[in-house]
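In UniProt numbering, the protein residues as written are 1 to 254.
Just so it is clear, CB atoms sit at the ideal spot from N, CA and C, and this is done for glycine as well.
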Amino acid sequence: MSVSDTPRPPVMLSQCLTLHDLLSQCLTPPPPKADPTPHFRHNRLMKLDSEDLAKISALTLAHYQENAESFEAGTRDHDVSQNIAALLRHIEGEPPCDILDLGCGPGRDLKTFTALGHRAVGLDGTPRFVEMARQASGCEVWLQDLLQLSLPAGRFDGIFANAVLFHVPGQELPRVLRELRAALKPRGVLFSSNPRGGNQEGWNRGRYGAYHDLEGWRGLLTDAGFEELEHYYRPQGLPREQQPWLASVWRQTA
Numbered sequence: 001m002s003v004s005d006t007p008r009p010p011v012m013l014s015q016c017l018t019l020h021d022l023l024s025q026c027l028t029p030p031p032p033k034a035d036p037t038p039h040f041r042h043n044r045l046m047k048l049d050s051e052d053l054a055k056i057s058a059l060t061l062a063h064y065q066e067n068a069e070s071f072e073a074g075t076r077d078h079d080v081s082q083n084i085a086a087l088l089r090h091i092e093g094e095p096p097c098d099i100l101d102l103g104c105g106p107g108r109d110l111k112t113f114t115a116l117g118h119r120a121v122g123l124d125g126t127p128r129f130v131e132m133a134r135q136a137s138g139c140e141v142w143l144q145d146l147l148q149l150s151l152p153a154g155r156f157d158g159i160f161a162n163a164v165l166f167h168v169p170g171q172e173l174p175r176v177l178r179e180l181r182a183a184l185k186p187r188g189v190l191f192s193s194n195p196r197g198g199n200q201e202g203w204n205r206g207r208y209g210a211y212h213d214l215e216g217w218r219g220l221l222t223d224a225g226f227e228e229l230e231h232y233y234r235p236q237g238l239p240r241e242q243q244p245w246l247a248s249v250w251r252q253t254a
């Protein structure tokens, strides 16, 4: 029998499927390259060392520094009057009040507090924001990192922390909250507004964020020596699932 006459084994169905699978693998495009910036979610039980914390501050602040002008343009007309009113109505005593705008950004809300007759001081860790806030508001503005605050004791009637404290890693937040408490006058008021989440944290589009639900946030503030005055979700008038911001107001306890 010649070689050409040698019988060939039958092609099995399993072999056909294997060939199909191979073709599918060849024709399937490769997955997209991973974003070089790490993303959610960091395990809250994982300990961040000093090098990790320095990187978190440096990269987050660099993001804002590089995007300062576009950030100012994009937030210039945001209406946060509800948040400003929530802080001011709980401050005891007669105006004018001494207000710290923590994470003041380009100075939009400093201008509002000043227009209302209060004595406002800004604080931000982004050099460009500090320059912009000083020019826009005429207020005193301090250049300080949230993780390395140096605040005068008992100086302020109220602290306005609008869209800023979520940048503090969870393990550092108790310390930062105690520092804010110490900067308030007796029975002073802290306002905060942050994107809400499931008590997880990590990198998101070049910035580090820690995202708390109401119960998690309550526990942190209570442990730091605050009592809750009120909370609400924003934007107003939308279903809860379309309200990503959790706003809350707290009084310093004795």
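Which same chain residues, not among the five before or five after residue i, have their C-beta less than 6 Å away from its C-beta?
| i | result |
| --- | --- |
| D145 | S57, G125 |
| V141 | G122, V130, A133, R134 |
| Q65 | T126, R128 |
What's the gap between the Cα of residue i and the Cα of residue j?
| i | j | result |
| --- | --- | --- |
| R245 | N194 | First, the residue type needs correcting, since residue 245 is Trp and not Arg in the sequence shown. If you take the alpha carbons of W245 and N194, they lie about 5 Å apart. |
| R178 | E228 | 15 Å |
| S50 | G93 | 41 Å |
| H167 | G103 | 10 Å |
| residue 340 | G158 | With the chain represented from 1 up to 254, any question about residue 340 goes unanswered, as that position is not in the structure. |
| W217 | A115 | 31 Å |
| K47 | A54 | 14 Å |
| L149 | A183 | 10 Å |
Report the option in the options whose CA atom is closest to the CA atom of residue i.
| i | options | result |
| --- | --- | --- |
| C139 | H118, S81, L147, R155 | H118 |
| G206 | S248, L61, A54, D52 | L61 |
| S192 | R181, G198, K185, N67 | R181 |
| residue 255 | G170, L190, Q148, L151 | In this structure the chain extends from 1 to 254, so residue 255 is not present and cannot be described. |
| D52 | D79, Q171, A68 | Q171 |
| E241 | Y208, N83, N162, R196 | R196 |
Can you give me the start and stop residues for the alpha helix (DSSP H) that residue i sits inside?
| i | result |
| --- | --- |
| D63 | Note on residue identity: the sequence assigns His, not Asp, to residue 63. Element bounds for H63: 50–66. |
| K111 | 108–115 |
| A163 | Per DSSP, A163 belongs to no alpha helix (DSSP H) and is neither H nor E. |
| S81 | 81–88 |
| R218 | 214–223 |
Looking only at its own chain, which residues have a Cβ that is under 7 Å from the Cβ of residue i, when we skip the five neighbours before and after it?
| i | result |
| --- | --- |
| E72 | P106, M132 |
| P95 | G117, H118 |
Quick one: what's residue i bridged to in DSSP?
| i | result |
| --- | --- |
| V121 | L100, E140 |
| R207 | N204 |
| A247 | S193, Y232 |
| E227 | R251 |
| P156 | The sequence given here has Phe at residue 156, not Pro. DSSP lists L184 as partners of F156. |
So residue i is in the beta strand (DSSP E); what residue range does that whole segment cover?
| i | result |
| --- | --- |
| P195 | 184–195 |
Excluding the 5 residues flanking residue i on each side, which residues of the same chain have their C-beta closer than 8 Å to its C-beta?
| i | result |
| --- | --- |
| G198 | Y211, D213 |
Is any heavy atom in the ligand FMN found nearer than 6 Å to the beta carbon of residue i?
| i | result |
| --- | --- |
| Q148 | Annotation note on the ligand FMN: not contained in the displayed structure, which lists no ligands. |
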